[in-house]
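There are 2 protein chains.
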Amino acid sequence: MTSDSLYTVAVIGGTGPQGKGLGYRFAKAGHDIVLGSRAAEKAEAVAAEVTERLAGAAGAGQVTGKANEDAVTAADVVLLAVPYDGHDELVASLPLAGKTVISCVNPLAFDKRGAHGRVVNGGEGSAAESAAELQPEAVVVGAFHNVSAVGLWGEEEFLDEDVIVVGDSVEGKQVAIDLAASVTGRPGVDGGKLRLARVLEPFTAVLISINRKYKVHSGIRVTGLDQGH
Amino acid sequence: MTSDSLYTVAVIGGTGPQGKGLGYRFAKAGHDIVLGSRAAEKAEAVAAEVTERLAGAAGAGQVTGKANEDAVTAADVVLLAVPYDGHDELVASLPLAGKTVISCVNPLAFDKRGAHGRVVNGGEGSAAESAAELQPEAVVVGAFHNVSAVGLWGEEEFLDEDVIVVGDSVEGKQVAIDLAASVTGRPGVDGGKLRLARVLEPFTAVLISINRKYKVHSGIRVTGLDQGH
Numbered sequence: 001m002t003s004d005s006l007y008t009v010a011v012i013g014g015t016g017p018q019g020k021g022l023g024y025r026f027a028k029a030g031h032d033i034v035l036g037s038r039a040a041e042k043a044e045a046v047a048a049e050v051t052e053r054l055a056g057a058a059g060a061g062q063v064t065g066k067a068n069e070d071a072v073t074a075a076d077v078v079l080l081a082v083p084y085d086g087h088d089e090l091v092a093s094l095p096l097a098g099k100t101v102i103s104c105v106n107p108l109a110f111d112k113r114g115a116h117g118r119v120v121n122g123g124e125g126s127a128a129e130s131a132a133e134l135q136p137e138a139v140v141v142g143a144f145h146n147v148s149a150v151g152l153w154g155e156e157e158f159l160d161e162d163v164i165v166v167g168d169s170v171e172g173k174q175v176a177i178d179l180a181a182s183v184t185g186r187p188g189v190d191g192g193k194l195r196l197a198r199v200l201e202p203f204t205a206v207l208i209s210i211n212r213k214y215k216v217h218s219g220i221r222v223t224g225l226d227q228g229h
Numbered sequence: 001m002t003s004d005s006l007y008t009v010a011v012i013g014g015t016g017p018q019g020k021g022l023g024y025r026f027a028k029a030g031h032d033i034v035l036g037s038r039a040a041e042k043a044e045a046v047a048a049e050v051t052e053r054l055a056g057a058a059g060a061g062q063v064t065g066k067a068n069e070d071a072v073t074a075a076d077v078v079l080l081a082v083p084y085d086g087h088d089e090l091v092a093s094l095p096l097a098g099k100t101v102i103s104c105v106n107p108l109a110f111d112k113r114g115a116h117g118r119v120v121n122g123g124e125g126s127a128a129e130s131a132a133e134l135q136p137e138a139v140v141v142g143a144f145h146n147v148s149a150v151g152l153w154g155e156e157e158f159l160d161e162d163v164i165v166v167g168d169s170v171e172g173k174q175v176a177i178d179l180a181a182s183v184t185g186r187p188g189v190d191g192g193k194l195r196l197a198r199v200l201e202p203f204t205a206v207l208i209s210i211n212r213k214y215k216v217h218s219g220i221r222v223t224g225l226d227q228g229h
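Line by line, the protein sequences are chains H and P. Under my numbering, the residue at position 16 of the first sequence is numbered 16, and the numbers go up by one with no gaps. Under my numbering, the residue at position 170 of the second sequence is numbered 170, and the numbers go up by one with no gaps.
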């Protein structure tokens, strides 16, 4: 960890592999997690599973489960880890005003030629930008698009990857940069403005192609950062 | 090097920093390079500069300079390292039929909020796909989008990055995968179909943002590849 900031994070889509895995990693680093799902019972069951996994982890945060709207209300940071199908309707329905919202939503499509990015708003949009438009009183950033769910739930202390964070709010990005250390052991990398989520979201299609070809769970790392100051 | 294949590579845009740097690296690894420019004299001058840089490099290939069209005619592999402005007209004008064409063209735009990808064909296109449409008898792949020109011309034996290669032809991709070893010391990474150039091209905008923020020359590395077989 490189930051002392501890957050209460609602994970919308917290019962899916990406949300569950990120919630586990954040909790292991001391953040309190509220897994959200459409049905509170489902969220509670997965929260119990994550809590069991954390047994004996020193300094771990609390993991609970609630219905999505209650999860958001209980948190100051909201991670959107939902499928792109139905994304806009769900985001519009949640009480996100005043929250820091981290989107790791990947608008992808699959056909016989493999995975590829879905075109959002004629190429001038992304899931993260849609969330920002739908919730103008939320601070929306994009991050955690490219981390492997398998790795998140796996045994390695940290993933050998970087988390690239994009957004138009420095303070909002800092939250995701802090949380990234839970996953990678080092802060997230500031990748620029929110519109660059247009690149990070479909980049996952490249990693899926690599995974299929090489039978691995790939990620990306930013090289050259240690040249700086 | 992981391959014994040696190519004659025409570098269109060979007098720009990316083209010159890639030509230098390819020649250092034994490939013959024909730098191309609109004016033969300019290409010849840069070829002389690269040749001087290669003095004493054991096993280096020949580096010559020609006008673009003559460079293409002299080569079996053509690297497109040109600005996106004027790209389509230039590509349409070159005798590329039957050639393996590697595009590292990045359609980027810059405004006060930084670098971002230009929308090609309503979000359903890329420079590489445009080249493939304009030259249906060429084999077009995308690669080398994200390598830093500063690093290419620098002193390090190999760059600590990966070259991701996309394309619809396995044979075409193999050429770029081979050539990547000149730059990184290991083969390029097969990143899937040509349409995924839509992701690799604008990813350079993320790296430019990182470079500005952290004052570095960043690149990307694919993690997890050593898990495979």
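Ideal Cβ positions, reconstructed from N, Cα and C, are used throughout, including at glycine.
Proximal chain P residues relative to residue i, where beta-carbon distance stays under 8 Å
i                      : result
residue 186 of chain H : Simply none; closest approach about 13 Å.
residue 193 of chain H : 113, 114, 116, 209
residue 261 of chain H : Here chain H has residues from 1 to 229 only, and residue 261 of chain H is not among them.
Residue range of the unbroken beta strand (DSSP E) whose run includes residue i
i                      : result
residue 108 of chain H : 108 to 111
residue 72 of chain H  : Unbroken run through residue 72 of chain H is the alpha helix (DSSP H), 68 to 73; no beta strand (DSSP E).
For residue i, three-class secondary structure by DSSP
i                      : result
residue 38 of chain H  : coil
residue 220 of chain P : strand
residue 122 of chain H : helix
residue 163 of chain P : coil
residue 65 of chain P  : strand
residue 226 of chain P : helix
residue 85 of chain P  : coil
residue 192 of chain P : strand
residue 21 of chain H  : helix
residue 155 of chain H : coil
residue 148 of chain H : coil
residue 92 of chain H  : helix
residue 2 of chain H   : The predicted model places residue 2 of chain H with a pLDDT of 42, which falls under 50 and marks its position as unreliable; any figure quoted below should be read in that light. Coil.
residue 60 of chain P  : coil
residue 137 of chain P : coil
residue 15 of chain H  : coil
residue 172 of chain H : helix
residue 55 of chain H  : coil
residue 47 of chain H  : helix
residue 210 of chain H : helix
residue 97 of chain H  : coil
Opposing strand residues paired with residue i [DSSP bridges]
i                      : result
residue 103 of chain P : P/80, P/142
residue 177 of chain H : The partner list for residue 177 of chain H (beta bridge, DSSP) is empty, contrary to what the question assumes.
residue 183 of chain H : In DSSP, residue 183 of chain H forms no bridge with anything.
residue 31 of chain H  : For residue 31 of chain H, which the question treats as bridged, DSSP gives no partner whatsoever.
Under 9 Å by beta carbon: chain P residues contacting residue i
i                      : result
residue 26 of chain H  : Chain P residues near residue 26 of chain H: none, gap ~21 Å exceeds 9 Å.
residue 202 of chain H : 196, 198, 199
residue 163 of chain H : Result: empty, since nearest Cβ-Cβ is about 12 Å, beyond 9 Å.
residue 46 of chain H  : Chain P residues near residue 46 of chain H: none, gap ~26 Å exceeds 9 Å.
Within 8 Å, strictly: CB atoms of residue i and residue j
i                      : j                      : result
residue 164 of chain H : residue 149 of chain H : no
residue 76 of chain P  : residue 51 of chain P  : no
residue 172 of chain P : residue 141 of chain P : yes
residue 225 of chain H : residue 214 of chain P : yes
residue 260 of chain P : residue 29 of chain P  : Coverage of chain P is limited to positions 1 through 229, which leaves residue 260 of chain P absent and any answer about it impossible.
residue 192 of chain P : residue 219 of chain H : no
residue 63 of chain H  : residue 94 of chain H  : no
residue 59 of chain H  : residue 32 of chain H  : no
residue 107 of chain H : residue 127 of chain H : yes
residue 187 of chain P : residue 117 of chain P : no
residue 231 of chain P : residue 91 of chain P  : Residue coverage of chain P in this structure runs from 1 to 229, which leaves residue 231 of chain P outside it and unanswerable.
residue 80 of chain H  : residue 105 of chain H : yes
residue 10 of chain H  : residue 78 of chain H  : yes
residue 137 of chain P : residue 97 of chain P  : yes
Proximal chain H residues relative to residue i, where beta-carbon distance stays under 7 Å
i                      : result
residue 213 of chain P : 190
First and last residue of the uninterrupted alpha helix (DSSP H) at residue i
i                      : result
residue 168 of chain H : Careful: residue 168 of chain H lies outside any alpha helix (DSSP H) and carries neither H nor E.
residue 8 of chain P   : Taken as a continuous stretch (DSSP letters only), residue 8 of chain P belongs to no alpha helix (DSSP H), being part of the beta strand (DSSP E) at 8 to 12.
residue 128 of chain P : 127 to 134
residue 117 of chain P : Careful: residue 117 of chain P lies outside any alpha helix (DSSP H), inside the beta strand (DSSP E) at 114 to 117.
residue 215 of chain P : Segment: none, residue 215 of chain P is in no alpha helix (DSSP H) and carries neither H nor E.
Closer than 9 Å at the beta carbon, the chain H residues around residue i
i                      : result
residue 227 of chain P : 214, 215, 216, 217, 218
residue 160 of chain P : 223, 224
Cross-chain neighbours of residue i in chain H, by beta carbon under 8 Å
i                      : result
residue 205 of chain P : 192, 196, 199
Distance cut-off 7 Å: residue i Cβ against heavy atoms of the ligand HEM
i                     : result
residue 45 of chain P : Summarising the ligand content, the structure contains no ligands, and the ligand HEM is consequently not present.
Chain B within 8 Å of residue i, Cβ atoms only
i                      : result
residue 119 of chain H : Here the protein chains are H and P, and chain B is not one of them.
Residue i: contacting residues in chain P (beta-carbon distance under 7 Å)
i                      : result
residue 123 of chain H : 119, 122, 123
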